Each structure stands twice: as structure tokens, then as C-alpha cells.
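A short worksheet on the structure shown next.
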Amino acid sequence: MNAHPIVLTIAGSDSSGGAGIQADIKAISALDAYAASVITAITAQNTEGVFGIHPVPAEMVSAQLEAVFSDLAPEAVKIGMVNTPEEASAISEALEKYRPAHVVFDPVMVSTSGCGLMADGAMNGIVETLFPKARLITPNLQECSALIGRNVSGIEEMKEAAKLLNGKYGCSVLVKGGHSDGDEMTDVLYDSGQTTMFSGKKIDTPNTHGTGCTLSSAIATYLAKGFSMEDSVQYAKDYVTLSITAGKDMSIGHGHGPLWHQAKGIGLREAQQRIDRWIRRYGVRYFNELTNMAVLTEEVGELARIMARKYGEQSFKPGENRDPSEEMADVLWVLACLANQTGTDLSEALERSFAKKTARDSERHRNNIKLK
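The letter at position 247 of the sequence shown is residue 247 when you use UniProt numbering, and the numbering goes up by one with no holes.
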């Protein structure tokens, strides 16, 4: 698992910085990956609307792609705004030549403010060229409706649409339900024959400019880090929720304001999921040997107890060529993030923990001597 992978975003430039390539770079960087970029269009836009679009010539898109792929070799690619079929062909040729491990395509057709972002009549050519190259596509309800030629609104319709698009193009499909009515929102993922739903409450804020761009970039980043599709979607959604929450009361512009991409912290649920993944692979006993070295916070201690209750005393059974060192580093990173989120000084906590452990070991040693 690469902790700091290279992720390439191919998208349009948003002069206000809230969506497009600017949002992508902020999200990728916030998630500790390196962001490279290829610009497909220059837009004049702000939080109130899009006032002009200038597509980048296809040959310049090709030149940017060649420059990035030949030198940086990104592990994942996020594709956003593609304005013309010629741009789509240039992108397709580069993907065919360099074959990055993960391609996430957010087929943006309309901006948050309602402006069309594809040239007239370009949708079919772009879709037919790029969807088969993607590992995941992430249409919202409006985009999904346009893609299948009929209205998509309810959960069952979302499931049906996801399966239909998967069958036609061979890629996994995440249908985003954020534009649905009501206080709840549900996204539907169809991946490897399995349907997974991600539900949550909507956050009451007008500051949602760039949400789709941010989500797709975050998914690409987590895929590049080595997480499964389902985990990548969940962790990306958690990050987007954190960013929306952090920026919900901010006043940037007069329309739909942006997310706050610099929001820091990791939720206990994500920590539990990552450690849960580690335990499934290596066993609770081996995990306990790690956590017993340093109880950093009450939350971490409770997390360990939850895992122990859930799995019991499983033995560590080494698998074929399985080295847990990278997973151990991932768990330690999670614990460090939790310590940071709760305001715990990690170095002082470690010193206290080792001091306590040393004292306990000394007491145990003295008791053993007395017994002898």
C-alpha cells in the first residue's frame, strides 16, 4: 500500500477555485497524495454561475498527458470535465498507452449552478470513448437520467440504472443521490456483481460547489492507496462529509460556496474499519501485541475492546508472502490521526505509556522473584 501515491486529475479549471481541477488538487493533497493535472478547459466561473468556457485544443491535452504519464506514472486517474469528443479521444489514447491501475470518471455535464459543461451533441461520443476505459463512473441523478434516457430518482431506479450502465460499459458504477429530495441521501454502488448502498443525512448548507469533483478525486486517491472499491467510496464520502461540515457556515462568494478541503481529522468509524480490515487479515492477538505497546486515547482503547469482543482471541496465522509491516504502519497512522484529532500529544502519550509498561514489567518481575 502506497501511503503517498501520485494521482492525476484531468478536468477543467474553475477560476473561483471551488470545483474542477482546483478542487481535485485540494482533495488529493488533503488526503496525503501527490496531485498532477491536465487541464481540458478554461472556464470563467464563480459561486453564482459559469460565464464562459474555452476548451483546450486536443493536441495540447495530448501533450499534457504525455508529459505527465511519461515522467510521473500516476497510480490513479480522475477524469472530470471533458468538453469535446476530440479531447475524449486524446485521453483514451493516453489511457490505452499507459494503462494506469485506476480510472475514475465523473461525467460532469452540468455545473452546480445549472450551466452545461459539454459541447452540444458531444455526450454520446465522450461516453462511448471513455466509459469503457474507466474502472468507476460516478454520475449524479441528473447525469444518470441523461445516460440511460429516462428519469432516475428512487433507490430501485438507481440500482437498476447502475446495473444497466455496468452491463453496457463493463465499469463499476456509483449513482449519487445527493440531489434527491428529503433529508436523507443515498448513493448506490454496483461493483463486481454486488450492490452497496451508502446512506446519510444531508447537511443543511448552500456550500456544495465542487462536491462531485471532490468525491471522485477522493475515491481515486483511496484506490491509489490500495483500498478496495467499497472502502474507497466510504472513506471518500467520509472526507466529503467532513469538508462540507467544516465549510457549511463559511461565506465565500454570493452563491453556492465551496467545501473546506483542508478539514483535518479522521473519524472513529474510518479508524475502526481500517483496523477491522487489519484484524481480518492478521488476527486480534497480533493486533493486541501492537496496541498494548501504547494506549494513546480512551477512544483507541475502546476501539481495541470492540474489536476483541467482535472477533475473540484469534491467532495470527501468517499467510503466503504476507508481511504485516505495511498494515502495521497504516494502523499506527490511524492511531496518530486519532491522537491529533483528540488533541493528544503523541510523543508524551508514548512516553507515559512506555513508563507505565516499564513499571508494570518491573512489578511483575519483582512478584515473580517473590514467588520463587
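Here a beta-carbon is modelled for each residue, glycine too, at the ideal position from N, C-alpha and C. Keep in mind the model is a prediction, meaning the values are calculated, not measured.
Meets three-Cβ-pair contact criterion under 8 Å: the region 15-27 and the region 36-51: A contact exists between the region 15-27 and the region 36-51.
Contact the region 91-109 vs the region 202-213: 3+ CB pairs below 8 Å: Yes, since at least three Cβ pairs between the region 91-109 and the region 202-213 fall closer than 8 Å, the two stretches touch.
Inter-residue spacing [alpha-carbon to alpha-carbon] between C144 and N151: C144 and N151 have their C-alpha atoms spaced approximately 8 Å apart.
Same chain only: Cβ atoms within 6 Å of S192, ignoring 5 sequence neighbours per side: So the list is empty, once near-sequence residues are dropped.
For Q234 and Y190, the rounded distance between their alpha carbons: C-alpha separation (whole angstroms): 13 Å.
Check: A355 C-beta below 8 Å from any heavy atom of the ligand MG: This structure lacks the ligand MG; in fact it carries no ligand of any kind.
Pair within 9 Å by beta-carbon distance, D33 and V68: Note on identity: in this sequence residue 33 is Ala, with Asp being the wrong assignment. No, they are not a contact pair.
Reduced DSSP category for D32 - H, G, I as helix; E, B as strand; rest coil: Here D32 sits in coil by DSSP.
Secondary structure, alpha helix (DSSP H): runs of 4+ residues fully inside the region 116-151: Counting only unbroken stretches of 4 or more residues, the alpha helix (DSSP H) elements lying wholly within the region 116-151 are 123-130 and 141-148, in sequence order.
L259 versus I252 - alpha carbon distance: Cα to Cα, the separation comes out at about 10 Å.
Residue range of the beta strand (DSSP E) that includes P85: Here P85 belongs to no beta strand (DSSP E); instead the alpha helix (DSSP H) covers P85 to Y98.
Nearest residue (CA-CA) to K159, options A63, P100 and T196: Nearest C-alpha to K159 among A63, P100 and T196: T196.
Euclidean distance between Cα positions of T40 and E351: Going from the Cα of T40 to the Cα of E351 covers about 51 Å.
Simplified DSSP state of I6, which is helix, strand or coil: In the three-state DSSP reduction, I6 falls in the strand class (E or B).
Classification of M81 by the beta-carbon crowding that lies within 10 angstroms, buried from 16 upward: A residue is called buried once 16 or more other Cβ atoms fall within 10 Å of its Cβ, and M81 is buried on that count.
Where E184 sits in the DSSP three-state scheme: Strand, per DSSP.
Rounded distance between the beta-carbons of G178 and T241, thought under 8 Å: The C-beta distance from T241 to G178 rounds to 11 Å, too long to meet the 8 Å contact threshold.
CB contact below 9 Å: L165 versus chain D: Chain labels in this structure do not include chain D; a single protein chain is all it has.
Cβ-Cβ separation, L223 to S232 (assumed contact under 8 Å), whole Å: The pair is a contact, with the Cβ atoms about 5 Å apart (cut-off 8 Å).
Nearest residue (CA-CA) to V103, options V77, E156, D183 and L141: Ranking the options by Cα distance to V103, first place goes to V77.
Beta-carbon gap between P74 and P5 smaller than 9 Å: Cβ atoms of P74 and P5: closer than 9 Å.
Span separating the alpha-carbon of N140 from that of K176: The alpha-carbon atoms of N140 and K176 are separated by roughly 4 Å.
Proximity below 9 Å, CB of residue 373 to CB of L72: Lying before the first or after the last residue shown, residue 373 is absent from the chain, which here runs from 1 to 372.
Close-in-space but distant-in-sequence residues of the same chain around A58 (CB under 8 Å, 5 per side omitted): A distance below 8 Å between beta-carbons, with the five flanking residues on each side excluded, links A58 to the following residues of its chain, in chain order: T84, E86, E87, S89 and A90.
A246 - DSSP class collapsed to helix/strand/coil: A246: helix per DSSP, three-state reduction.
Anticipated Cβ contact below 8 Å, T221 with I28, distance rounded: Between I28 and T221 the Cβ distance is about 5 Å, and since that is below 8 Å, they are a contact.
S92 vs T129 beta-carbon contact at 9 Å: Using a Cβ distance threshold of 9 Å, S92 and T129 count as a contacting pair.
Secondary structure of K159, DSSP reduced to three states: Correct three-state label for K159: helix.
Own chain residues within Cβ distance below 6 Å of K26, not counting five before or after: Excluding residues within five positions, the ones whose Cβ falls inside 6 Å are H261.
Where the beta strand (DSSP E) containing G200 begins and where it ends: Segment Q194 to K201, the beta strand (DSSP E) holding G200.
P132 vs G170 beta-carbon contact at 9 Å: Cβ distance < 9 Å, so P132 and G170 count as in contact.
Simplified DSSP state of K356, which is helix, strand or coil: Correct three-state label for K356: helix.
Assigned exposure category for R99 - 16 Cβ within 10 Å defines buried: Under a 10 Å Cβ-count criterion, R99 is classified as exposed, with fewer than 16 other Cβ atoms of the shown protein chains found around its own Cβ.
Rounded separation between D187 and P206 - CA only: D187 and P206 have their C-alpha atoms spaced approximately 20 Å apart.
C-beta atoms of A134 and I79 nearer than 9 Å: Yes, the Cβ-Cβ distance between A134 and I79 is below 9 Å.
Option in S37, A11, S62 and S153 with minimal Cα separation from E96: Measuring from the Cα of E96, the nearest candidate turns out to be S62.
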